[in-house]
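Okay, structure first, notes after.
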Amino acid sequence: MKDLLLARQKQISKRWLDKIFESYPSDTSRFLSRESNPFANPVGRTFEQETSELCRLVLEGPDPEQLVPHLERIIKIRAIQNLSPSKAVSFVYLLKAAIREELGDCLVDSARHHGLEAIDRHIDQLALLSFDVYVKSREKIYEIRIAEIKRNVSRLLSGSGIFEPSEPDDSPHQCSSRGSGR
Amino acid sequence: MATPKPDQMEYYKHDDMWAVDFLPPSTGWMETPVNFRPGSFIYPGKPKHLEYLGIPNPREWEVTADDWKLPDNWREIVLKTLRNRLERSRTLQVFMDVCVRCGACADKCHFFIGGGDPKNMPVLRAELLRSVYRGEFTTAGRLLGNLVGARKLTIDVIKEWFSYFFQCTECRRCSVYCPYGIDTAELTMLGRELLLELGITVNWIIEPVSNCYRTGNHLGILPHGLKDTLEFFAEDIEEITGIAIEPPINKKGAEILFVTPSGDFLADPGTFTCMGYMMLFHELGLDYTWSTYASEGGNFGLFTSAEMMKRLNAKIYAEAKRLGVKWILGGECGHMWRVLHQYMDTMNGPADFLEVPRSPVTGTVFENARSTKMVHITEFTADLIQHGKLKFDPSRNDKLRVTFHDSCNPARGMGLFEEPRQIIKSVCNNFFEMPENTIREQTFCCGGGAGLGTDENMEMRLRGGLPRGNAVKYVQDKFDVNTLACVCAIDRATLQTVCDYWAPGVEVTGVHEMLANALVMKGEQKRTLNLRMEPIGDDE
Ligand code: SF4
Ligand code: SF4
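Chains as they are written, first to last, in this note's numbering: chain A, 1 to 182; chain B, 1001 to 1540.
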């Protein structure tokens, strides 16, 4: 089974990538798959490169340490794309579908079906890892957000009289105000 | 039960989670409603600022609420304003009619490239307005509706406009590729003006506008505050160089008025760039002055309305006149230069009382500024370097491996490509360009321009900053680049964050910060610290 999968690795990762692209609206999906310049289309080309690596690692029998950097490069992007958390990591499961589609008829053989279970477990492991990575990316966003606020008021010395005295602010949270950076 | 808001846990419906179908919404763009998730919008303008500026319908409201508290006749107001703007500006009318939807601009916007939301394709962003124009103002649109891409103005359209016109940084990258020269940024400006008539704007823009109208700068720094700030900088400079500098403030009869964005007074690393200007001017013995009234080069009025931009800009010429200077020099900033270069002269000029700028050091006459009388600091400094008027020790910047980000407005708005590069190459030994399709007129925005550079929309900014961050990462991996130089105050604030996410380890610097570190000044002590008070050599 492993040999079969490894032999079809290229096709499998291509199918996986296509499925990920198809999960975006049609205009986006067309752009992501067609534009080949990595600077004009960083998302598409990053996904292409990293899914191919991940696919290889999963089929070979994954080592979590090797998986993480590749997962990070994809999830870092998905984490800021206005996707719900479940949707952001859902792309991992598309690999299962890609494998099944690629193998098609070969799967009728029950021995082979058994081999597939091992791969599915690897993919589940990948999914769990991806949740860790997602949370890490989100934490990073909050971290840099705070760092920026601090930089923006770095010269604000309390009581220095640089600013007009302001009245206390009791408006709802969506009306809060803050420092500078402009 | 009311529909849960994105900041409530129930928003992530469990049924939905089981049924993650991996597929995008199947509805067309007109039927797909806006999704206001936290991180994707900026907080509304506070009523006190709207009141201060005389903007209609000041009120407390929330973006995620169903009711945006619009006046009863909101439709009438918007349509009347739209008609008025189309009559007033021939360009806008042309932009409404001439797009052939060829799609050349579609994949050029950083928000679309990074985030994948089709409504961030410039062509579709403009279509958000055009569809209403067709549906309300053209016969074909009124009769055939959706068939000809027309629709009526509804509350949902207003919400959609708010979402997408505040997801455009007015960077004009898209317009570079349009065969008809359609400038989507102008349509975004129009869209924002329409919203403003309903009292819809964001606080991160309107608070600085109101501050600026009152105190002369976005941050609300008062005259003595500015004086203190510059004196603090002078103390730091003295510690580093051993040279005492006295910043001239409101000096009548000075030859040159210097105006820079107020972010340089308060936010690192802009502060270091500001110290850089002070050191350069001191070294040259320049007869110049700061102004506590024209204490802001930036102009958030540009992101509000044409009228507001004009109001805020007026102080620059007024102050030049009051102080009796000959010409005006402007600091490193982005959108500031869009206003100065493209609008100031027609808005508040002609400044006949000023002279055509001439460098007192080299004698160069800046013909390009013949009409505005205002010169960009990098033009001024590059000219000094060309004439060999400055002495540098570039090895002081040897720890830096530098790349340069072309800020959208100076690059696309005024063609300023070579001057900053010339300065950088003179003051450091390691300079590397990012890939060609990400620099000069094709430069990618930082994702935080046009009043989007606050923190509550961080996710949106990181989407927009992805293409820029990706190019920085590339030179970081390939050439070990650790420094991103730029000539824009907003960039200095926002790009650091973009780098922290997409290319961690890269630090942002202003060009004149680098210059001042390398500048050999008369009578200086041996420099061991840079302007950030970090050791220059390896002896850490
Ligand atoms: S490139 Fe110009 S004409 Fe073509 S779709 Fe974009 S705006 Fe319209
Ligand atoms: S953000 Fe820039 S590229 Fe995108 S639509 Fe606005 S002006 Fe065009």
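The C-beta atom is built at its ideal place from N, Cα and C for all residues, glycine as well.
Residue i: beta carbon under 8 Å from a heavy atom of ligand 1?
i, result
"B:Y1133", "no"
"B:T1184", "yes"
"A:A40", "no"
"B:Y1180", "yes"
"B:R1173", "no"
"B:Y1177", "yes"
"B:A1094", "Reading the sequence as shown, one finds Val at residue 1094 of chain B and not Ala. Answer for B:V1094: no, Cβ out of range of ligand 1."
"B:V1212", "Per the sequence shown, residue 1212 of chain B should be read as Cys rather than Val. Result no, Cβ not under 8 Å from ligand 1."
"B:C1105", "yes"
"B:C1168", "no"
"B:C1102", "yes"
Whole angstroms is fine: what's the gap from residue i's alpha carbon to residue j's?
i, j, result
"B:W1074", "B:C1408", "34 Å"
"A:I123", "A:P69", "16 Å"
"B:G1413", "B:R1527", "38 Å"
"B:V1123", "A:S86", "30 Å"
"B:G1054", "B:V1498", "35 Å"
"B:S1040", "A:N82", "7 Å"
"B:T1289", "B:L1129", "45 Å"
"B:R1468", "B:F1444", "5 Å"
"A:K10", "A:S33", "16 Å"
"B:M1197", "B:T1091", "As written in the sequence, residue 1197 of chain B is Glu, which differs from the Met given in the question. Approximately 21 Å between the Cα atoms of the pair."
"B:V1202", "A:R145", "18 Å"
"A:D18", "B:G1537", "51 Å"
"B:D1455", "A:V135", "19 Å"
"B:R1134", "B:A1140", "8 Å"
"B:P1033", "B:I1155", "11 Å"
"B:I1243", "B:D1236", "10 Å"
"A:G159", "B:T1292", "Low confidence applies here, because A:G159 scores a pLDDT of 41, under 50, leaving its location unreliable; read the following figure in that light. Their Cα atoms are separated by approximately 19 Å."
"B:I1205", "B:P1044", "9 Å"
"B:W983", "A:H113", "Here chain B has residues from 1001 to 1540 only, and residue 983 of chain B is not among them."
"A:G161", "B:F1095", "Note that A:G161 has pLDDT 47, beneath the 50 cutoff, so the model's placement of it is unreliable and the number below is only indicative. Roughly 48 Å between the two C-alpha positions."
"B:T1184", "B:A1106", "11 Å"
"B:R1037", "B:G1505", "29 Å"
"B:V1339", "B:G1298", "8 Å"
"B:A1369", "A:S90", "55 Å"
"B:K1159", "B:M1533", "47 Å"
"B:E1255", "B:F1366", "15 Å"
Within the same chain, show all residues whose beta-carbon is closer than 6 Å to that of residue i, passing over the 5 residues directly before and after it, in chain order.
i, result
"A:P38", "R45"
"B:Y1180", "V1098"
"A:V133", "L71, E72 and I75"
"B:A1270", "Per the sequence shown, residue 1270 of chain B should be read as Gly rather than Ala. Closer than 6 Å at Cβ, skipping near neighbours: G1263, D1264, A1489 and R1492."
"B:F1353", "K1321"
"A:K2", "none"
"B:L1466", "G1114"
Going by the C-beta, is residue i closer than 8 Å to any heavy atom of ligand 2?
i, result
"B:H1110", "yes"
"B:N1120", "yes"
"B:C1099", "no"
"B:T1188", "yes"
"A:E35", "no"
"B:R1125", "yes"
"B:E1563", "Any property of residue 1563 of chain B remains undetermined from this structure, which presents chain B solely from 1001 to 1540."
"B:C1445", "yes"
Ignore the nearest five residues each way along the sequence and tell me which others in residue i's own chain have a CB closer than 8 Å to its CB.
i, result
"B:T975", "Residue 975 of chain B is absent from the model: chain B starts at 1001 and stops at 1540."
"B:N1437", "none"
"B:G1334", "S1407, C1408, N1409, P1410, G1449, V1487, C1488, A1489, I1490 and D1491"
"B:E1062", "P1044"
Which same chain residues, not among the five before or five after residue i, have their C-beta less than 7 Å away from its C-beta?
i, result
"B:V1361", "L1284, L1384 and K1389"
"B:G1115", "R1463"
"B:R1172", "D1183, A1185, C1408 and R1412"
Cβ contact check for the segment 1415 to 1432 of chain B and the segment 1309 to 1318 of chain B: 3 or more pairs under 8 Å: No: the two stretches stay apart, fewer than three of their Cβ pairs being nearer than 8 Å.
Inter-stretch contact at 8 Å, needing at least 3 Cβ pairs: the segment 1270 to 1282 of chain B / the segment 1519 to 1536 of chain B: A contact exists between the segment 1270 to 1282 of chain B and the segment 1519 to 1536 of chain B.
Contact between the segment 1471 to 1485 of chain B and the segment 1240 to 1258 of chain B (3+ Cβ pairs under 8 Å): No: fewer than three Cβ pairs fall under 8 Å.
Contact between the segment 26 to 36 of chain A and the segment 49 to 62 of chain A (3+ Cβ pairs under 8 Å): When C-beta atoms of the segment 26 to 36 of chain A are compared with those of the segment 49 to 62 of chain A, fewer than three pairs fall below 8 Å, so the two segments do not count as touching.
Any 3 or more C-beta pairs closer than 8 Å across the segment 1301 to 1315 of chain B and the segment 1178 to 1197 of chain B: Using a Cβ-Cβ distance cut-off of 8 Å, the segment 1301 to 1315 of chain B and the segment 1178 to 1197 of chain B are in contact, since at least three pairs of beta carbons, one from each stretch, lie closer than that value.
Cβ contact check for the segment 1395 to 1405 of chain B and the segment 1426 to 1433 of chain B: 3 or more pairs under 8 Å: Yes: at least three Cβ pairs fall under 8 Å.
Any 3 or more C-beta pairs closer than 8 Å across the segment 1372 to 1382 of chain B and the segment 1320 to 1333 of chain B: Touching, yes.
Stretch-stretch touch, CB-based, cutoff 8 Å, three pairs: the segment 1487 to 1497 of chain B with the segment 1258 to 1265 of chain B: Counting C-beta pairs with one atom in each stretch, the segment 1487 to 1497 of chain B and the segment 1258 to 1265 of chain B have three or more that are closer than 8 Å, which means they touch.
Touch test, the segment 1338 to 1351 of chain B against the segment 1222 to 1231 of chain B, Cβ-Cβ under 8 Å, three pairs minimum: No, they do not touch.
Chain-ordered residues of the segment 1140 to 1174 of chain B with a beta carbon less than 7 Å from chain E: Given the protein chain composition of this structure (A and B), no chain E is represented.
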